[in-house]
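J.: In my numbering, the protein residues as written are 7 to 535. Don't be surprised by glycine CBs; every beta carbon is placed ideally from N, CA and C. Remember, predicted model here, so these are calculated numbers, not experimental data. Dropping a structure here in structure tokens format, bear with me for questions.
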Ligand code: SAH
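Right under this line is the structure:
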């Protein structure tokens, strides 16, 4: 099986190419970074890709879990016990038990496991139980927040040191282990983790011990993600400003003159799609590229797969055609799925790509052409506009009197067959079946119901229809009133969107994923102004 076909077929889809099996050790204490998937380390992704069980903290951003196989068990430690205190032994027992059963366990922690993450205690428990482990560092919240808020933690003119401090301790209590006088005098930047609920006491204690009351300071919420929010004020005014803003945990506090540089250096919050929540409806393994591109523009991407790919109800006609490929002159592919399913089936019936011989190949668009190239084959025809009508027009000049095999799903538009049948002998086979998802992630449906999603990208009429079926009436109604705003990949998809009573607020000029992103960016810019 080729790499592409494998990617399509299994839960191993995100296992890195040529990944070396992780035999020993069995428990990986892995830092997930502050939330942005791009800040996972290469080693974190390697470990996740081969996990049987991922035990993750509440603060791990859900996006990071996408890198584990779909078949891996995922348990949030929040589910283990109500009380914070009770959890640690429970987590340790679970880690040890799973490892003893031979499972590859990833203990995934926000930021870095050894910085306010209790990773030390978990490593001690594993060592005590004789279980081998590896510790994978992560980008800690202070570093992520500083970078994404435009605050250099040190600077030759402003700060020669930086301290990471727990804000969990109450400075007014005598048992506080922190030396507030020393902290107030500290010659550099102070970063408080877990300090939001005690922000008032922290600011007061520092000022009381001599820190200038107008020291620049900031609180950064969910740094590095689309939910990032920053409030910057002089130290004495920060607690009130934060209370007014309604910011909540997770948030980190940065105090020092370097915060003043943010005015010139902030960059992430200026990204074109910053803070926007965007829904995509393709299966996750087919959207990794779209999701990452949108994230790099500052967006938070939610995926709600509305279509599933399955084997066709019958292989009879496909197998007959695949067994007689030499009868045809042209093979026409209208989707990436079609390319992979075709090659997989060919292998299944004991043949390989040599069966294609001198067949000419056509692809409906650049993604399908790329999938064909993935098998080291070059398409002979890709039309300038990526739709059935254009493909039919491009082929019509070349296929007169010839035998054409259309490879596709068991449902779809009949334009190609109808158009080409007038001049050529056309057979059409289904190599996969596209079915509507029967259930959808309830949390995503809730977000739609609460109108928390800003934009929806629809890449086919079928996905528009399937999504419509999954929504309840109040949500369909809010769609009709323009929430979320909808970006459509092509006029054909826009027509379906309108049939459903919704409006296509933007349409891609080039009918590709990249075209959708450009249309979305333009729409977001218009909405902003
Ligand atoms: N081990 C983690 C810290 C765990 S303590 C690390 O290295 O980052 C939890 C605290 O980390 C939170 O209360 C908050 O202060 C901070 N934190 C974690 N992720 C954050 C994020 N994305 N944005 C802001 N603060 C974050």
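1) Would you call the CB atoms of residue 157 and residue 264 closer than 8 Å?
2) Quick one: grab the DSSP three-state call for residue 401.
3) Quick one: give me the first and last residue of the alpha helix (DSSP H) that residue 207 is part of.
4) Starting from residue 433 and walking both ways along the beta strand (DSSP E), at which residues does that stretch end?
5) Can you list, in chain order, the residues of its chain with a C-beta nearer than 6 Å to that of residue 14? Leave out the 5 residues immediately preceding and following it.
6) Who are the Cβ neighbours of residue 84 in its own chain at under 6 Å, not counting the five residues just before and after it?
7) Go ahead and label residue 11 buried or exposed: buried means 16 or more other beta carbons lie within 10 angstroms of its beta carbon, across all protein chains shown.
8) What would DSSP say about residue 240, mapped onto helix, strand or coil?
9) So does residue 251 have its beta carbon nearer than 7 Å to some heavy atom of the ligand SAH?
10) Does the Cβ of residue 523 have 16 or more other Cβ atoms within 10 Å, making it buried, or fewer, making it exposed?
11) When we look at the beta-carbon of residue 179 and count the other beta-carbons within 10 Å, is it buried (16 or more) or exposed?
12) Three or more C-beta pairs closer than 8 Å, one from the segment 141–151 and one from the segment 106–122: is that the case here?
13) Per DSSP, residue 235 forms a beta bridge with which residues?
14) Is it buried or exposed, residue 508, if we count other Cβ atoms within 10 angstroms and call 16 or more buried?
15) Report yes or no: do the segment 491–502 and the segment 458–476 share at least 3 C-beta pairs separated by less than 8 Å?
16) On the three-state DSSP scale, how would you describe residue 477?
17) Entirely within the segment 152–196 and at least 4 residues each: give me those alpha helix (DSSP H) ranges in chain order.
18) Below 8 Å, can you find three or more Cβ-Cβ pairs linking the segment 362–369 to the segment 335–354?
19) In terms of DSSP beta bridges, what is residue 199 paired with?
20) According to DSSP, which residues form a beta bridge with residue 513?
21) Just the Cα atoms here: how many angstroms apart are residue 100 and residue 137?
22) Please state the DSSP three-state secondary structure of residue 308.
23) What residues in its chain sit with their C-beta under 8 Å from that of residue 472, if we drop five residues either side in the sequence?
24) Report the rounded CA-to-CA distance for residue 143 versus residue 475, giving the unit in angstroms.
25) What residue ranges within the segment 74–123 form continuous alpha helix (DSSP H) runs of no fewer than 4 residues, ordered along the chain?
26) Less than 8 Å between the C-beta atoms of residue 413 and residue 429, yes or no?
27) Does DSSP put residue 507 in a helix, in a strand, or in coil?
28) Distance, Cα to Cα, residue 130 vs residue 35?
29) Between the segment 298–311 and the segment 376–391, do three or more beta carbon pairs fall short of 8 Å?
30) Which residues in the same chain as residue 201 place their Cβ atom closer than 6 Å to its Cβ, once the five residues preceding and following it in sequence are excluded?
31) The ligand SAH and residue 256: does any heavy atom of the ligand fall closer than 7 Å to the residue's C-beta?
32) Determine the direct distance from the alpha carbon of residue 56 to that of residue 22, and round the result to whole angstroms.
33) What first and last residue would you give for the beta strand (DSSP E) that runs through residue 34?
34) According to DSSP, is residue 523 helix, strand or coil?
35) My understanding is that residue 279 touches residue 530, with C-beta atoms under 8 Å, so please give their C-beta distance in whole angstroms.
36) Taking buried to mean at least 16 other C-beta atoms within 10 Å of its own C-beta, is residue 501 buried or exposed?
T.: Straight from the coordinates:
1) yes
2) helix
3) 205–214
4) 431–442
5) With a pLDDT of 36 at residue 14, under the threshold of 50, the modelled position of that residue is not reliable, and no figure is offered here.
6) Answer for residue 84: 64, listed in chain order.
7) Residue placement at residue 11 cannot be trusted, given a pLDDT of 38 that sits under 50; what the coordinates show is reported in the next sentence. Buried: at least 16 other Cβ atoms inside 10 Å.
8) strand
9) Residue 251 Cβ: outside cutoff for every heavy atom of the ligand SAH.
10) buried
11) exposed
12) yes
13) 227
14) The residue in question, residue 508, is buried, as its Cβ has 16 or more Cβ neighbours within 10 Å.
15) Taking 8 Å as the limit for Cβ pairs, the verdict is that the segment 458–476 does touch the segment 491–502.
16) Coil at residue 477, not helix or strand.
17) Every alpha helix (DSSP H) stretch that sits fully inside the segment 152–196 and reaches 4 residues is listed by chain position as 186–191.
18) yes
19) Partner(s): 172.
20) 494
21) 12 Å
22) strand
23) 287, 312, 313, 442, 443
24) Roughly 44 Å between the two C-alpha positions.
25) Fully contained in the segment 74–123 are the following alpha helix (DSSP H) runs of length 4 or more, in chain order: 90–106.
26) Annotated as distal: residue 413 and residue 429, with beta-carbon spacing of 8 Å or more.
27) coil
28) Here the alpha carbon of residue 130 sits roughly 12 Å from the alpha carbon of residue 35.
29) The segment 298–311, when compared against the segment 376–391, does not touch it at the 8 Å Cβ threshold.
30) 173, 208, 259
31) yes
32) Low per-residue confidence applies at residue 22: pLDDT is 49, beneath 50, and the placement is therefore not dependable enough to give any value.
33) 33–37
34) helix
35) Contact between residue 279 and residue 530 holds: CB atoms are separated by about 6 Å, below the 8 Å threshold.
36) exposed
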